[in-house]
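In what follows, a structure is listed as C-alpha cells, so that the remarks can point back to it.
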Amino acid sequence: MTKYLRQKRIIMSIVIILSLAVSIYRIFVIQNNIDVSPTAEDANYYLKDTDETVAFAVITVVLLVLFSVCAFFLRKKMNNEIESVEPSVIFTSSLSGFLIIGCIFYYFFYFLGDERELSFFVVAIIITALISSVYFLLNASGKAPSRRKAAAWLSVAPIACYAFRLLNEFMKRGTSHYPSSSVYLLLSIIAFMLFFLAEGKFKSGSGNVGTYMLFGFLSIHLSLTYSLPTLYLSAFWVFPTSSELLYAAVDLTVAMYVAARLFQLKCVGCENEQEQSI
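Throughout the sequence shown, residue numbering follows the numbering used here, covering -15 to 262 in sequence.
What follows is the structure in C-alpha cells.
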C-alpha cells in the first residue's frame, strides 16, 4: 500500500468514525433536551437552548472545518478521476437505487392520505428521485464509463432532487420558527446537492477531485448527524413514523454511496508504484 493511499484510508476512516460518534451523541442530546416533541401531523421538534445543545453545535462546526482541511490536504494526492468501479460502489449504488424506488412506493401506499399533499415540489421530488434511481442503477451496472453521455444527463437527476427537497423544506418552514432539526437537515441537503454537482462535472469531463472530496466529507458528516438519530428515535417510538423517515433512510444509503466513491479514489502514482513492486 502506498503512503498516499494509506493516508487517504486513515482520513476516510476518521471522518466516518467521528461522524458516527457525533450522530450517536446527538441521539442523547435530543433525548435530554427535547422541548416540543414531534407528532404524527407535525414531524418537527424543538430542543431547549442548553449548554449541551450549544456544545454540540460547536463540535459540529469544528468537525466541518477539520474535514474541509482534510480534503484540502488530500486534493493534490489523488488522481482527478472517479470512473473505476469497485464492489463497494456497485453494492451501495444498487442499494440506493432500489431503496429510492421502494420508498416511492411506500410513500404512496402509507403516507399519502390526501391528494392535496402532492404539491408541485413533492411531485418534482418523486419524479427526480425515480430518475436518480436509474442513475444509481446505471453506476451499479458498471456501464457508466461506456455510456458517458447518458450518465452525464442522468447525473443531473440527484442534483435536481436535492434542489427540490431544499426548496420544499424552505416552503414548509417559511412561515414558522425553524425547528431544531432544520439546520442539520438543510445543510446535509446542500452538501449532497454540491457533491452530485461535483460528480456530474466528472461525468461531463470537467471534474475536480478536491471539491469532490470536500463535499463528500461534508455530506457524510451532516447526513449521519441528521439521519441516524431520526431513524433510531423513530424505530424506538420516541419519534412518530412519518414520511421524514423515508428521506432519512435514503440519505443514509446515499451517504454510504458517497463513502464508497471516496474510498475508491486512486492516489497519484499508485499504478506506477504497484507495477514497480510487481
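Glycine included, every Cβ here is placed at the ideal spot set by N, Cα and C.
Beta-carbon gap between residue i and residue j smaller than 9 Å
i	j	result
residue 235	residue 218	no
residue 85	residue 124	no
residue 9	residue 18	no
residue 69	residue 248	yes
residue 120	residue 81	yes
residue 167	residue 63	no
residue 122	residue 136	no
residue -11	residue 241	no
residue 149	residue 231	yes
residue 152	residue 103	yes
residue 22	residue 224	yes
residue 189	residue 182	no
residue 110	residue 91	yes
residue -8	residue 61	yes
Sequence-distant residues of its chain with Cβ nearer than 7 Å to residue i (five each side left out)
i	result
residue 208	3, 4, 7 and 239
residue 178	199
residue 175	199, 202, 203 and 206
residue 113	84, 88 and 145
residue 163	28, 29 and 30
residue 36	13, 16 and 17
residue 258	At residue 258 the pLDDT is 45, less than 50, meaning the model places this residue with poor confidence; the figure from the coordinates comes in the next sentence. If we look at residue 258 and ignore the five residues flanking it on each side, it has no Cβ neighbours.
residue 51	-1, 201, 202 and 205
residue 108	148
residue 94	none
residue 32	17 and 19
residue 34	17
residue 55	194, 197, 198 and 201
8 Å CB neighbourhood of residue i in its chain, flanking five on each side removed
i	result
residue -4	243, 246 and 247
residue 180	139, 142, 143 and 146
residue 172	203, 206, 207, 209, 210, 211 and 235
residue 118	81, 138 and 141
residue 96	102
Cβ neighbours of residue i in the same chain (closer than 6 Å, five flanking residues each side left out)
i	result
residue 66	186
residue 57	none
residue 261	Because the pLDDT of residue 261 is 37, which lies under 50, any placement of that residue in the model is unreliable, and the number read from its coordinates should be weighed accordingly. Around residue 261: no qualifying Cβ.
residue 250	63
residue 226	27
residue 215	232
For residue i, the residue or residues it bridges with in DSSP
i	result
residue 114	None, per the DSSP bridge assignment.
residue 246	Paired residues: none, contrary to the question.
residue 20	30
residue 62	251
CB-CB length for residue i against residue j, believed under 8 Å
i	j	result
residue 222	residue 15	7 Å
residue 44	residue 237	Not confirmed; about 22 Å, so no contact.
residue 11	residue 213	5 Å
residue 59	residue 197	7 Å
> What are the complete alpha helix (DSSP H) segments, minimum 4 residues, inside the stretch 137 to 214?
Replying inline: Those alpha helix (DSSP H) runs which fall completely within the stretch 137 to 214 and span 4+ residues are 140 to 157 and 166 to 187.
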